[in-house]
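So the sequence lines, in the order shown, correspond to chains A and B.
In this text, residue positions in the first sequence follow the numbering used here: the first is 324, and each later residue adds one.
In this text, residue positions in the second sequence follow the numbering used here: the first is 769, and each later residue adds one.
A short write-up of the structure that comes next.
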Amino acid sequence: MNDKLYKVLLFAVALIMPVVCGGVVYALVTDAYEAFEHFGFLNFLTSSEWSYTEGAEQYGALPFITGTLMTTLLALIFCIPFSLPVALFVGEYFEGTKVAAVLSTVTDLLAGIPSIIYGLWGFYTLRPIIMALNISPQGSGVLTASLVLAIMIIPYAASLSAEFIKMVPNDLKEGAYSLGATRAEVIRKIVFPVAGSGIFSSYILAIGRALGETMTVTMLIGNTNNIPDSITSTGNSMASIIANQFGEADDLRLSSLIAIGLILFLITAAINMVGKIMIKRARIV
Amino acid sequence: MKKILSSMMTLAVVLALTACGGNSNDGGRKAQELSGAGATFPLPFYNVVFENFSQVNGDVVAYGGIGSGGGVRNLRDKIVDFAGSDAFLSDKEMAEMNPVIHIPTCMGAVVVAYNLDGVDELKLSGEVIADIFAGNIKMWNDERLATLNPDVTLPAEAIIPVFRSDGSGTTFVFTDYLTKVSPMWKEKFGAGKSVNFPSGQAAKGNPGVAGVVKQTKNSIGYVGSEYAFAQNIPYAQIQNVRGEFVLPSSASISAAASGVIPADTRCSITNADAAGAYPISTFTWMIIYKEQNYSDRSKEQAVATLDLLQYILSDEVQKITSEVHYAPLPDKAKELSMKNLKAVTFDGEAILQ
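And the structure:
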């Protein structure tokens, strides 16, 4: 009897999550409908106009999709040379040592810092450096946002990759060593191929994190509504345009912002799903 | 969805109201909790006023600086007692909602702040400002800037215009001015709370723009006067209709309102034709419904709302304006506003006698 009650309760509580998720999707779709209907779904995705002129309002998501993809991709590129060595250090070279424990704790600590702090650091420290180096006159832009994003996603990529590197069976590595392989060869020929899809999935999850990052990007990207023509120019990401404009938006503009939110939701969900599937595969190996 | 949300918020407000109360004020009514939302431009002034008001009356005012447009939307959704706005409602917007009245609370200026090494005096004309923000004047050592500033050596650096990334009453006032002084601006960009600035970078809110200008060499941006002052950023003298170069100050802002004010106080005073007038000046308004019985509001709440507005119009409060870098309302605006307040009703009956 008690067991049954417990089961029913558990079921009811577990049901809340899918209901909330469904509710979010429902609300996004209904509120975004006006924009899709007015501009056409494909046209909305591919139009680069974001123009407020009353009566001739024209909203398209392309500049923001581009902005999001550019910052995310750059952040990923900047993050790899830092996160991969950390993962190897913690998961292979110094596995189980105190140094590794300290390093992994410090890396994980980075994940706990609120994004506004990263934003402030980027705004007051990194931006003046970018200006001083003459990389861009205004300091803010896609590059600045990507650099800070890269630091933000390092812990996600590093600690998960380290886990997968640790999981590489010792027999395999010992076999390689017995054949006279050097450590570098073991890493290249054994560790990477075996842990590869796991490492890949950890980067996918890191991307998922970078895609939706709002505060930091809003503070650093420069917030202009056009497609960035170089990595040093200003732009807007999908998250930052919403953060910037929802307060004043109504009618068609609000609907367009929600439509952008929906697209962001779909992209993030798809990327996370790919990551999850890859992790599952990695476990089987 | 939106309706459910707003009714839930109203419920929360009502609950909060019934929960508090208690200490009654001298008027014999219970202390109320008022909520408003809108412009960030007058926020520093409102913070002082609301603080004083709660000490005088016991009424607590919660004001969310979410931007003029957001404030008006909250009023339209009937979830606030008043909206703060730097832009008066257009006839079209007025037609879309129940009758409202505009009460000006103070005057302010949008200043053109800049960050230039070794330059502490900069003179600009409206047309030059329009061309800078339109991206037509790209360099600080442009001929037209040099002609306006013969005594200053301007650097051969690119100008970085800084504007608002969010919709804003400040942007409206600034572009309203540019529309009046530059036919090019009027045709290509127009006036509005959001405008497609073609070059430079954007930041959120007055504090955001002020922060970016302060941090970025060779930049120029438009901000509420108070914010430029608080960040200690220099701002330009701007040429008015009479050809004078004027710095924003309480006196020069007040001078801009010396002209005719319409009965509902909805008017733009940018580019005012008056001696000593600072050309990018504006009223900032609180907007309330003419019929105060909506969303289950109590009569006491309506009375408290009017008490607040009368308090703001009082000489005592208007004196504070210049202390916090705004300017007091002209007598004419106060007179008209008191008259407009008398038209406010609760269940069809006038609240003030």
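Ideal placement from N, C-alpha and C gives every residue a C-beta, glycine not left out.
I think residue i touches residue j, with their Cβ atoms under 8 Å apart; what is that distance to the nearest whole Å?
i: GLY852/B; j: MET1106/B; result: With a Cβ gap of about 19 Å, GLY852/B and MET1106/B do not count as contacting.
i: LEU946/B; j: GLY894/B; result: 7 Å
i: ALA970/B; j: ARG932/B; result: 6 Å
i: ASP948/B; j: LEU916/B; result: The sequence shown places Lys at residue 948/B, rather than the Asp named in the question. 19 Å between Cβ atoms; not a contact.
i: ILE900/B; j: ILE927/B; result: 6 Å
i: PHE957/B; j: THR943/B; result: 7 Å
i: GLY989/B; j: VAL1014/B; result: Between VAL1014/B and GLY989/B the Cβ distance is about 19 Å, and since that is not below 8 Å, they are no contact.
i: ASN909/B; j: PRO923/B; result: 7 Å
i: TYR441/A; j: ILE474/A; result: 7 Å
i: PHE367/A; j: ALA384/A; result: 6 Å
i: GLN1069/B; j: ASP849/B; result: 7 Å
i: LYS961/B; j: GLY837/B; result: 5 Å
Might you give, ordered along the chain, the residues of its own chain that have their beta carbon closer than 7 Å to the beta carbon of residue i, omitting 5 neighbours on each side?
i: SER374/A; result: GLU380, GLN381
i: VAL343/A; result: none
i: SER463/A; result: ARG450, LEU543, ILE544, GLY545, THR557
i: SER482/A; result: SER427, THR430, ASP431
i: PRO966/B; result: ALA902, GLY903
i: ASP794/B; result: Residue confidence for ASP794/B is low, a pLDDT of 49 falling below 50, so the modelled location carries little weight; the figure read from the coordinates is stated next. So no residue of the chain qualifies.
i: ALA784/B; result: Confidence at ALA784/B is low in this model, with a pLDDT of 47, below 50, so its placement is unreliable and the value that follows should be read with caution. Cβ within range, chain order: GLU801.
i: GLU418/A; result: LYS489
Check residue i in the structure and name its three-state DSSP category.
i: THR1125/B; result: Given that chain B is displayed from residue 769 to residue 1121, the structure contains no residue 1125/B and the question cannot be resolved.
i: MET1054/B; result: strand
i: ALA1040/B; result: coil
i: ASN825/B; result: helix
i: ILE510/A; result: helix
i: SER556/A; result: coil
i: TRP373/A; result: strand
i: LYS948/B; result: helix
i: LYS906/B; result: coil
i: LEU426/A; result: helix
i: ARG450/A; result: helix
i: PRO929/B; result: strand
i: ASN883/B; result: strand
i: GLN800/B; result: coil
i: GLU861/B; result: helix
Expressed to the nearest angstrom, what Euclidean distance is found between the alpha-carbon atoms of residue i and residue j?
i: ILE1021/B; j: LEU857/B; result: 22 Å
i: LYS1102/B; j: PRO872/B; result: 8 Å
i: GLU311/A; j: PHE362/A; result: Because chain A in this structure spans residues 324 to 608, residue 311/A falls outside the shown range and cannot be described.
i: ARG797/B; j: PRO551/A; result: 58 Å
i: ILE403/A; j: LEU589/A; result: 25 Å
i: GLN721/B; j: ASP573/A; result: Outside the modelled stretch of chain B, which goes from 769 to 1121, sits residue 721/B, for which no answer is possible.
i: GLN1121/B; j: LEU1081/B; result: 17 Å
i: VAL829/B; j: GLU571/A; result: 22 Å
i: ILE869/B; j: LEU1104/B; result: 11 Å
i: TYR447/A; j: GLY435/A; result: 20 Å
i: VAL880/B; j: GLU925/B; result: 18 Å
i: VAL1085/B; j: ALA1040/B; result: 25 Å
i: ILE339/A; j: VAL347/A; result: 12 Å
i: GLY789/B; j: LEU332/A; result: Model confidence at GLY789/B stands at a pLDDT of 42, short of 50, so the residue's coordinates are unreliable; what they give is reported in the following sentence. Approximately 40 Å, taken between the alpha carbons.
i: ASN820/B; j: GLY345/A; result: 47 Å
i: PRO437/A; j: THR391/A; result: 20 Å
i: TYR479/A; j: VAL422/A; result: 19 Å
Can you check whether the CB of residue j is closer than 8 Å to the CB of residue i?
i: THR1089/B; j: LEU802/B; result: no
i: VAL1112/B; j: LYS1067/B; result: no
i: LEU1109/B; j: LEU1076/B; result: no
i: GLU994/B; j: VAL1092/B; result: yes
i: VAL597/A; j: ALA562/A; result: no
i: GLY876/B; j: THR1050/B; result: yes
i: LEU411/A; j: ILE510/A; result: yes
i: GLY832/B; j: ALA805/B; result: yes
i: ALA996/B; j: ALA978/B; result: yes
i: ALA605/A; j: SER524/A; result: yes
i: GLY835/B; j: ASP919/B; result: no
i: PHE809/B; j: ASN974/B; result: yes
i: ALA358/A; j: SER578/A; result: yes
i: ALA398/A; j: SER469/A; result: yes
Within its chain, find whatever has a CB closer than 8 Å to the CB of residue i; leave out the 5 residues flanking it on each side and keep chain order.
i: TRP444/A; result: VAL471
i: MET769/B; result: A caution first: MET769/B carries a pLDDT of 49, below 50, which makes its placement in the model unreliable, though a value can still be read off. There are no such residues.
i: ILE458/A; result: LEU466, THR555
i: VAL980/B; result: VAL930, GLN969, ALA971, SER987, GLY989
For residue i, verify whether its CB is less than 7 Å away from any heavy atom of the ligand FMN.
i: ILE564/A; result: Looking for the ligand FMN in the displayed structure turns up nothing, as the structure carries no ligands at all.
Leaving out five residues on either side along the sequence, give the residues of the same chain with a beta carbon under 6 Å from the beta carbon of residue i.
i: ALA337/A; result: none
i: GLY1098/B; result: For the sequence presented, residue 1098/B should be read as Pro rather than Gly. Cβ neighbours of PRO1098/B beyond the five flanking positions: ALA1025.
i: LYS330/A; result: none
I want to see whether chain E comes within less than 8 Å of residue i, judged by CB atoms only; does it?
i: ASN567/A; result: Among the protein chains in the structure shown, which are A and B, there is no chain E.
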